[in-house]
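Notes for the one structure printed next.
2 protein chains.
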Amino acid sequence: MNMEEDRMISMEDGAGGELMGQLISQEILPLFKDGQGEVSLEDLDDSAVLGDIVVSTDSHTVKPIFFSGGDIGSLAVCGTINDILALGGMPVGLTLAMVIPEGFRLSKLRRILKNAAEICNDNEVPVIAGDTKVVGRDDLDEPIVTTTGIGRRHQLLDSNFELAGGRKYRWLSDKNLNPGDKIIVTGTVGDHGMTILSEREGYGFEGEIKSDMAALLEVMDTALSVGGVASAKDPTRGGLANTLNEFASKSDLGIIVDEKEIPIKRWVASAGELLGIDPLNVGNEGKMVLAVHPTRAEKVLKALHETKDGRDAAIIGEVVEDVDGVVLKTEVGGHRVLEVPIGDPVPRIC
Amino acid sequence: MNMEEDRMISMEDGAGGELMGQLISQEILPLFKDGQGEVSLEDLDDSAVLGDIVVSTDSHTVKPIFFSGGDIGSLAVCGTINDILALGGMPVGLTLAMVIPEGFRLSKLRRILKNAAEICNDNEVPVIAGDTKVVGRDDLDEPIVTTTGIGRRHQLLDSNFELAGGRKYRWLSDKNLNPGDKIIVTGTVGDHGMTILSEREGYGFEGEIKSDMAALLEVMDTALSVGGVASAKDPTRGGLANTLNEFASKSDLGIIVDEKEIPIKRWVASAGELLGIDPLNVGNEGKMVLAVHPTRAEKVLKALHETKDGRDAAIIGEVVEDVDGVVLKTEVGGHRVLEVPIGDPVPRIC
Chain A
2 MNMEEDRMIS
12 MEDGAGGELM
22 GQLISQEILP
32 LFKDGQGEVS
42 LEDLDDSAVL
52 GDIVVSTDSH
62 TVKPIFFSGG
72 DIGSLAVCGT
82 INDILALGGM
92 PVGLTLAMVI
102 PEGFRLSKLR
112 RILKNAAEIC
122 NDNEVPVIAG
132 DTKVVGRDDL
142 DEPIVTTTGI
152 GRRHQLLDSN
162 FELAGGRKYR
172 WLSDKNLNPG
182 DKIIVTGTVG
192 DHGMTILSER
202 EGYGFEGEIK
212 SDMAALLEVM
222 DTALSVGGVA
232 SAKDPTRGGL
242 ANTLNEFASK
252 SDLGIIVDEK
262 EIPIKRWVAS
272 AGELLGIDPL
282 NVGNEGKMVL
292 AVHPTRAEKV
302 LKALHETKDG
312 RDAAIIGEVV
322 EDVDGVVLKT
332 EVGGHRVLEV
342 PIGDPVPRIC
Chain B
2 MNMEEDRMIS
12 MEDGAGGELM
22 GQLISQEILP
32 LFKDGQGEVS
42 LEDLDDSAVL
52 GDIVVSTDSH
62 TVKPIFFSGG
72 DIGSLAVCGT
82 INDILALGGM
92 PVGLTLAMVI
102 PEGFRLSKLR
112 RILKNAAEIC
122 NDNEVPVIAG
132 DTKVVGRDDL
142 DEPIVTTTGI
152 GRRHQLLDSN
162 FELAGGRKYR
172 WLSDKNLNPG
182 DKIIVTGTVG
192 DHGMTILSER
202 EGYGFEGEIK
212 SDMAALLEVM
222 DTALSVGGVA
232 SAKDPTRGGL
242 ANTLNEFASK
252 SDLGIIVDEK
262 EIPIKRWVAS
272 AGELLGIDPL
282 NVGNEGKMVL
292 AVHPTRAEKV
302 LKALHETKDG
312 RDAAIIGEVV
322 EDVDGVVLKT
332 EVGGHRVLEV
342 PIGDPVPRIC
């Protein structure tokens, strides 16, 4: 190998955007024999399918570890539950592995564990196995929490089949989109990423800032009970922009999004302007993006408005055949391509 | 909370010994509702059971990340495969989550991934989902690799039922021991921990040092095909001493071990003397400790001697009723209690 090839890993390699996609597809996938599952490593979904089981894993490195609306423990549990839900699974258990720096306060560890346990207990998703490692205080700055979720096929996926216009999907894979499907986002975007960044930078935004962190069991149960959902994805690293582009590229279709329909909180928009960061590019931790059959989209939307975490849901766009990638109809009437962020502009948000 | 309660986390809290057990039982278990599985979080096994699925997770922080006989990637895969096997599972898939410090060389990442993939591919255990995070170079010294394994019940566990003298175990839990069971260790002990420590301290031991790292599918297939295996456990953190004590305490029985029967490589014994560390207290990454029905123990041993990773297997002791804990019959004819190590004397060995 020449020196040029042996580059150094950069923050963007782990930011959920295009560079991370390259790293995974060029360096990781060629090495590992594929598991031949219906949704396997090669599909680059957040979760994978093994028979009737969905599995998803995430190492959480969020900094600060305590933030408005959550902390690394509850975030890890919510994030993994949502990844299982996004593929059409029902989470039935989690594993929790912690790496803790020596000298970390037991009181802080207790808070992290208590918050994680609250989400697990409230949602009846037990932690079934764990691991605890301690490393030197000079070797790691803050704890790392890795959660792996195990799910079974959601029982409502079966009833969903007929409602989705005759299409049959065993799982809500990213590649299931069809022309005409409506794109629903289940609430305001950018809250989590902007919270983390604002706290790091010391901006307060008059006390409004709060992560949207939530476990979306009710949201997904509700959407699936109406039916017509072809795909679902939680827009974490890389934000809504990344999620829509993954939908488009994996389904080999285009998506047209109406910018004015995208729900964004006022403080998030202000923070975005102040910090020069597009809220569509930053991570969410309590949202789903759904592709829904046109005959069911309004019904799904109405039902979501009755849920705790779906009150602000909106239909923001449509899947089309004659467009490449994701095109944003801007508020002033123009069009622009909504690109895959090179990397999440906010590192360590999850 | 008073200041005394709010102590700082120490290396021993993550070392697999008594302090880690206290941390888990006092701080973690009371918070989380139990999953009600046959082997759940409360059993404090390395793996847990969910219906007919075994799940196990481990964050790997080994340092140095490349060592004689392996590296952090292959170690993570072997360790997780062995944890699944130890409960009587057959590994069917793994997840792999990496946290990498910014500035880490791509060439090193490639080596780690290549070595991990080799173990996965050779043993037909696919990686089905992954995660990649990058954190600042000042925030983490070396990559952390977290693997979670998913397994199904080993098909040989069924044939095992009748052979085990009428006892029926759906899983090879730590608490299955019965008086009279023979304790088999599948090879020499202390190799891995002593390798890591020797490399860190710069001792060479004439080039003999090498970790025992191995995925033990053949070893477990072989033992289960003979039958009579009640429990199995891989003696990682805390070594053989910790494993035997867990067997004894969870089964509420005693174990008598004949010190002269414990297989130990010459260089491991020398390193132990030089460094003042008991090889029975340091971790292994390619060994199983089995409790086997007395009528099958010799047959299991003979079959293990024909396997690649079980050549040096030995019967080292017996389960008894009238003893508390683990008692070592020393080579000079005395007896001493083999205690649970307070913490592994070698941190970051896995």
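As they're listed, the protein sequences go chains A and B.
According to the numbering used here, the first sequence holds residues 2 to 351 in order.
According to the numbering used here, the second sequence holds residues 2 to 351 in order.
All residues carry an ideal CB built from backbone N, CA and C; glycine is no exception.
Remember, it's a predicted structure, so these values are computed and weren't measured experimentally.
Burial state of residue i, where buried means 16 or more other Cβ atoms lie within 10 Å
i, result
"Leu383/B", "As displayed, chain B neither begins before 2 nor continues past 351, which places residue 383/B out of reach and without an answer."
"Leu110/B", "buried"
"His336/B", "exposed"
"Pro280/B", "buried"
"Thr331/B", "exposed"
"Gly104/A", "exposed"
"Ser26/A", "exposed"
"Leu275/A", "exposed"
"Ser75/B", "buried"
"Asp235/B", "buried"
Cα-Cα separation, residue i to residue j
i, j, result
"Met12/B", "Met21/B", "9 Å"
"Ala98/B", "Glu322/A", "35 Å"
"Val327/A", "Lys169/B", "58 Å"
"Pro65/B", "Asn285/A", "36 Å"
"Val347/B", "Thr62/B", "12 Å"
"Val333/B", "Ile278/B", "19 Å"
"Asn3/A", "Arg106/B", "With a pLDDT of 46 at Asn3/A, under the threshold of 50, the modelled position of this residue cannot be trusted, and the question is left open."
"Glu43/A", "Leu241/A", "22 Å"
"Lys288/A", "Leu217/A", "7 Å"
"Met221/B", "Asn246/A", "46 Å"
"Val56/A", "Thr148/A", "11 Å"
"Asn177/B", "Lys34/A", "36 Å"
"Thr223/A", "Pro92/A", "16 Å"
"Ser252/B", "Ser174/B", "9 Å"
Test: residue i CB closer than 8 Å to a CB of chain B
i, result
"Ala118/A", "yes"
"Ala98/A", "yes"
"Val347/A", "no"
"Asp7/A", "yes"
"Met21/A", "yes"
"Ser252/A", "no"
"Ile25/A", "yes"
Partner residues on chain B for residue i, Cβ-Cβ distance less than 7 Å
i, result
"Phe68/A", "Residues of chain B passing the Cβ test: none, with the nearest at roughly 16 Å."
Member of the options whose CA lies at the smallest distance from the CA of residue i
i, options, result
"Pro102/B", "Met195/B, Val146/B, Lys330/B, Arg201/B", "Val146/B"
"Ile113/B", "Ser252/B, Leu51/B, Gly228/B, Phe68/B", "Phe68/B"
"His306/A", "Gly89/A, Lys115/A, Val78/A, Ile185/A", "Ile185/A"
"Ile265/B", "Pro31/B, Val126/B, Glu247/B, Arg312/B", "Arg312/B"
"Glu219/A", "Val301/A, Val135/A, Ser108/A, Lys134/A", "Val301/A"
"Thr81/A", "Lys251/A, Arg171/A, Ser252/A, Cys121/A", "Cys121/A"
"Glu119/B", "Cys351/B, Leu157/B, Ala77/B", "Ala77/B"
"Gly318/A", "Ser174/A, Ile73/A, Pro180/A", "Pro180/A"
"Gly15/B", "Ala314/A, Val135/A, Ala130/A", "Val135/A"
"Val320/B", "Gly94/B, Leu339/B, Pro295/B", "Pro295/B"
"Val50/A", "Gly90/A, Leu32/A, Asp72/A", "Gly90/A"
Neighbour list for residue i in chain A, Cβ cutoff strictly below 8 Å
i, result
"Met91/B", "Here the premise fails: no neighbours, minimum Cβ distance about 13 Å."
"Lys115/B", "Leu32"
Closer than 9 Å at the beta carbon, the chain A residues around residue i
i, result
"Asn122/B", "Leu32, Phe33, Lys34"
"Ser11/B", "Glu103, Gly104, Val135"
"Thr196/B", "Those do not exist, as Thr196/B stays about 19 Å from chain A at its closest Cβ, beyond 9 Å."
"Gly38/B", "Gly94, Pro127, Ile129"
Within chain A, the residues that residue i reaches when beta carbons sit closer than 7 Å
i, result
"Asp53/B", "Neighbours of Asp53/B on chain A: none; closest Cβ ~10 Å, over 7 Å."
"Ala130/B", "Leu42, Ser48, Ala49, Val56, Ser57, Thr58"
"Asp72/B", "Chain A residues near Asp72/B: none, gap ~14 Å exceeds 7 Å."
Chain A contact for residue i (CB, 8 Å cutoff)
i, result
"Leu329/B", "no"
"Arg201/B", "no"
"Glu28/B", "yes"
"Gly80/B", "no"
"Arg154/B", "no"
"Ile145/B", "yes"
"Leu141/B", "yes"
"Thr149/B", "yes"
"Arg112/B", "no"
"Thr237/B", "no"
"Gly18/B", "no"
"Gly208/B", "no"
"Leu107/B", "yes"
"Asp14/B", "yes"
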